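Chemist: Here the protein sequences come in this chain order: L and C.
Take any residue in the first sequence, count from 1 to its spot, add 157: that is its number in the working numbering.
Take any residue in the second sequence, count from 1 to its spot, add 14: that is its number in the working numbering.
Built from N, CA and C at the ideal position, the CB exists for glycine as well.
Values in this document were obtained by computation on a predicted structure and should not be read as measured data.
Dumping the structure here so I can ask a few things about it.
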Amino acid sequence: MSAAALQLVDLHKRFGVTPIIRGVNLDVKQGERHAIIGPNGAGKSTLFHLVSGRFPVTSGQVLLKGESITGLAPFQINRRGLARSFQVTNIFPRLSVFENIRCGVLWSLGYRYAFWRLVERARDARERTNFILEQINLTARRDVPAGVLSYAEQRALEIGITIAGGADVIMLDEPTAGMSRSETEHAVALIKRVTEGKTLIIVEHDMSVVFGLADRISVLVYGQVIATDTPPGIRANAAVQEAYLGAPAAQAEHG
Amino acid sequence: MSAVIQRGGVLTPWLVAAAVVIVLPYIFSSGSSLTMMSLMGFAIVFALSYNMLLGQTGMLSFGHAVYYGLGGFMTAHALNVIGAGKWPIPLPLLPLVGGLAGLSFAILFGWVSTKRAGTAFSMISLGIGELVAACSLILRGFFGGEGGISTSRTSTLRLFGINFGPQIQVYYLIAAWCLLCMAAMYAFTRTPLGRMCNAVRDNPERAEFVGYSTQMVRFIAFCVSGFFAGVAGGLAAIHYEIVTASVVGAGPSGSVLLMAYIGGISFFIGPVIGAVLMTALQISLSDYTGAWMLYVGLMFVLVVMFAPAGLGGLLLMHRPLLAAGTWRRVLPAYALALVPASLLFVGGVLLVETSHHLLVKASEGSAMRVLWIPYDAKSPAAWAGILALLGAGLLALKHIGPKVADAFHGARLEATSKLSAP
């Protein structure tokens, strides 16, 4: 438990002259479930994009397990054990559900760019894929093209692809967005199940999900973390109440 | 699906294909049909190699003939060197030279062009195509200027007394390479990289987030594709015994795109269908009409507009109907569809031929014939007849078209419910 799983040091991001992330410092401990909340436009998704390598950072450092991953490409960051999901479903629509998961599995099992061996013969990849399908409850839909799945199923697949490579730091961007009450409950149970023993960083608008799931919560407002604390601590924090939870507009919009 | 194929024997379709390829020359034994089948052989390899990019990896290349053509030139040069030096290398190995040439140039040019995807990749491929085409007119030593590079396939080491003089021997050489390449390219689609190509095609962003560099996936796919294009070019060089600068140009780059697209880029078999059909059309139509390119172009437009999955897609659409036995239900509707189809076909052909005669062969006067039926291209009666045919065809299509679609969807619905029920 020496180094933090993920550490952000004075992270800045500007689009042109517009500052979006304005000096974020954050430590996520190994094995904790860490939620990031904040009003719309606070920069939560941008923060995810910076950490996962989708956007280049303007200044500052991102450390994964003590090593800098600042400026690396997404695939390099993924190979170092950080996987993320997307707020807008981001799957391989024409491939079957099974192949979607298998694409997430292949690199981690060392298949790399192999074109001299048949993928059907890759028994470990098949077994791992079947195991993931079992975990996300999509075994019955394995041969269906991912594009025709229902919304909730696609969200589950999104999580499945993310965890498929066995990364130990998992970042989920609003995994329950647009779900009904019962679908959300299923999704939370699924997230708890598949991130057992891993580090989870989650952006979420649904407060019941956040307070039910997270060990610690960080509140991002206008590109800065104004508080990081346990759920009771966040609930009691006056600055947070003022900036976010207390704002009736934000409550109504996301509740 | 995949389990069924595995148990049913992966080899069966290939054995059938091999048997067909062996038997074909006994059925179509004339010299011209042997030539046509040889052309089909390397067209298939070329079209499949192209579809590794377009259909499998989602890369639209406008310059694929570069690798085909350079493979052809290298094969011709190698043949000349081998023939002059009496090196003990038999002809059947020569397409490998073409393949390695295609691979080498694909590594060189692909390293640049695969840094980008989408439109930028297409534009770079177009630029490289133009660049090589321009070089082909400047570097006369390598490309042979306007006369091209001539060679002789009979001057290599003979094995078992086969000198590859007769076309039938060349046919079997091309057929063997064609089958080998088809099998290899099919196997490629079922490798980890082949699957990641599909993933990169579907969603390059997500592929980056599961550990794959999309640039590397595109690059390797491009190189493998260049290799097979080079093999096709080598086979073409062996067949024609001459390679001219036009093979690296925009013409073949465009026609391979047409082949793959008309056949259907979403299915492995699509480009094979496209290559066979286009080669047959090219050879047989050009005997009958000077406007054959127009027909091919029209067919491409029709496929893009009404059957974006290609002709292969149209055929494979009927697979569940065949499996469930509901295909008989669509036959009456399809027979009915022949009415507008034949009206439009005859009207369209007459329109093209008559216009072609008036515009291109104006010096020959207005008397012309289509299928031994003479008529005057300027007579109002002829034009009235053409317009009547087209009008009646469109009218019939408007009435019958929806019925055909209904019949198909009904049969497919029944088929899926039958197949999903145990």
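Which residues mark the beginning and the end of the beta strand (DSSP E) in which L/Arg179 is found?
Modeler: 175–185
Chemist: At 8 angstroms on the CB atoms, spell out the chain L contacts of C/Ile234, in chain order.
Modeler: Tyr270, Phe272
Chemist: In three-state terms, what does DSSP make of L/Ser225?
Modeler: strand
Chemist: How about L/Arg373 and L/Glu189: do their beta carbons lie closer than 8 angstroms?
Modeler: yes
Chemist: Quick one: Cα of C/Lys432 to Cα of L/Asp300, how far?
Modeler: 18 angstroms
Chemist: My assumption, with CB atoms under 8 angstroms, is that C/Gly143 sits in contact with C/Ser267. Please give the rounded CB distance.
Modeler: 6 angstroms
Chemist: Please list the partners that C/Arg209 has in chain L, where partner means a Cβ-to-Cβ separation under 9 angstroms.
Modeler: Those within 9 angstroms of C/Arg209 in chain L are Leu252, Glu256, Arg259, Cys260, Leu263, Val276.
Chemist: Using a Cβ cut-off of 8 angstroms (strictly closer), state whether L/Gly380 contacts chain C.
Modeler: no
Chemist: What does the alpha-carbon distance come out to for the pair C/Val360 and C/Ala396?
Modeler: In this structure, the CA atom of C/Val360 is about 13 angstroms from the CA atom of C/Ala396.
Chemist: Let me make sure I understand the geometry here. Which of C/Thr205, C/Trp28, C/Arg220 has the alpha-carbon closest to that of L/Gly210?
Modeler: C/Arg220
Chemist: To test your reading of the DSSP string, which unbroken beta strand (DSSP E) runs of 3 or more residues are found completely within the stretch 192–246 of chain L?
Modeler: 216–221, 239–241
Chemist: Near C/Asn94, which residues of its chain fall below 7 angstroms by C-beta distance, leaving aside the five closest residues on each side in sequence?
Modeler: Thr165
Chemist: Just to confirm my understanding: we take C/Gly77, look at its own chain, exclude 5 residues before and 5 after, and list those with CB closer than 7 angstroms. What are they?
Modeler: Ser139, Leu140, Ile142, Gly143, Ser267
Chemist: For the stretch 281–292 of chain L, which residues have a beta carbon sitting closer than 7 angstroms to at least one beta carbon of chain C?
Modeler: none
Chemist: Do the stretch 234–250 of chain C and the stretch 329–345 of chain L meet, that is, are 3 or more Cβ pairs less than 8 angstroms apart?
Modeler: Cβ pair count under 8 angstroms is below three, so no.
Chemist: Comparing the C-beta of C/Arg204 with each C-beta of chain L, is any distance below 8 angstroms?
Modeler: yes
Chemist: Measure from the C-beta of L/Ile318 to each C-beta in chain C and report whether the shortest distance is under 8 angstroms.
Modeler: Nearest CB-CB separation between L/Ile318 and chain C: below the 8 angstroms threshold.
Chemist: Candidates L/Leu290, L/Asn294, L/Leu263, L/Arg269: which alpha carbon is nearest L/Asp281's?
Modeler: L/Leu263
Chemist: Beta-carbon within less than 8 angstroms of C/Val146's beta-carbon, same chain only, minus the 5 sequence neighbours each way: which residues are those?
Modeler: Gly77, Val80, Gly83, Leu84, Val262
Chemist: Straight-line CA distance for C/Val363 to C/Gly405?
Modeler: 14 angstroms
Chemist: With a cut-off of 8 angstroms on the beta carbons, I'd call C/Val310 and C/Met331 a contact; round off their distance for me.
Modeler: That pair is no contact at about 23 angstroms.
Chemist: Taking only beta carbons into account, state which residues of the stretch 338–363 of chain C come closer than 7 angstroms to chain L, listed in chain order.
Modeler: none
Chemist: Tell me the residue span of the beta strand (DSSP E) that contains C/Pro388.
Modeler: 387–390
Chemist: On a Cα-Cα basis, can you pick out the residue from C/Ile279, C/Tyr348, C/Leu187 that is closest to C/Pro322?
Modeler: C/Ile279
Chemist: Hey, is C/Phe242's beta-carbon within less than 8 angstroms of any beta-carbon in chain B?
Modeler: Included in the structure are the protein chains L and C, with no chain B among them.
Chemist: State buried or exposed for L/Asp363, treating a residue as buried only when at least 16 other CB atoms are found within 10 Å of its CB.
Modeler: buried
Chemist: With burial defined as no fewer than 16 other Cβ atoms inside 10 Å of the residue's Cβ, what is the status of L/Leu183: buried or exposed?
Modeler: buried
Chemist: Going by DSSP, which residues form a beta bridge with L/Thr156?
Modeler: The question about residue 156 of chain L has no answer, for chain L in this structure spans 158 to 412.
Chemist: The alpha helix (DSSP H) with C/Phe174 in it runs from where to where?
Modeler: Annotation for C/Phe174: no alpha helix (DSSP H) segment contains it, and DSSP assigns it neither H nor E.
Chemist: Is it buried or exposed for C/Tyr40, if we count other Cβ within 10 angstroms and need 16 for buried?
Modeler: exposed
Chemist: Three or more beta-carbon pairs under 8 angstroms between the stretch 233–240 of chain L and the stretch 288–299 of chain L, yes or no?
Modeler: no
Chemist: Using the Cβ count rule (16 or more neighbours within 10 Å means buried), how would you classify L/Ala400?
Modeler: buried
Chemist: Any beta-carbon of chain L closer than 8 angstroms to the one on C/Asn65?
Modeler: no
Chemist: Evaluate C/Met66 with the Cβ neighbour count: other Cβ atoms within 10 Å of its Cβ, from every protein chain shown; 16 or more gives buried, anything less gives exposed.
Modeler: buried
Chemist: For the 8 angstroms Cβ check, are there 3 or more pairs between the stretch 420–434 of chain C and the stretch 337–356 of chain C?
Modeler: The answer is yes - the stretch 337–356 of chain C touches the stretch 420–434 of chain C, with three or more Cβ pairs under 8 angstroms.
Chemist: Specify the secondary structure class of C/Val290 as computed by DSSP and reduced to three states.
Modeler: Of the three classes helix, strand and coil, the one that applies to C/Val290 here is helix, per DSSP.
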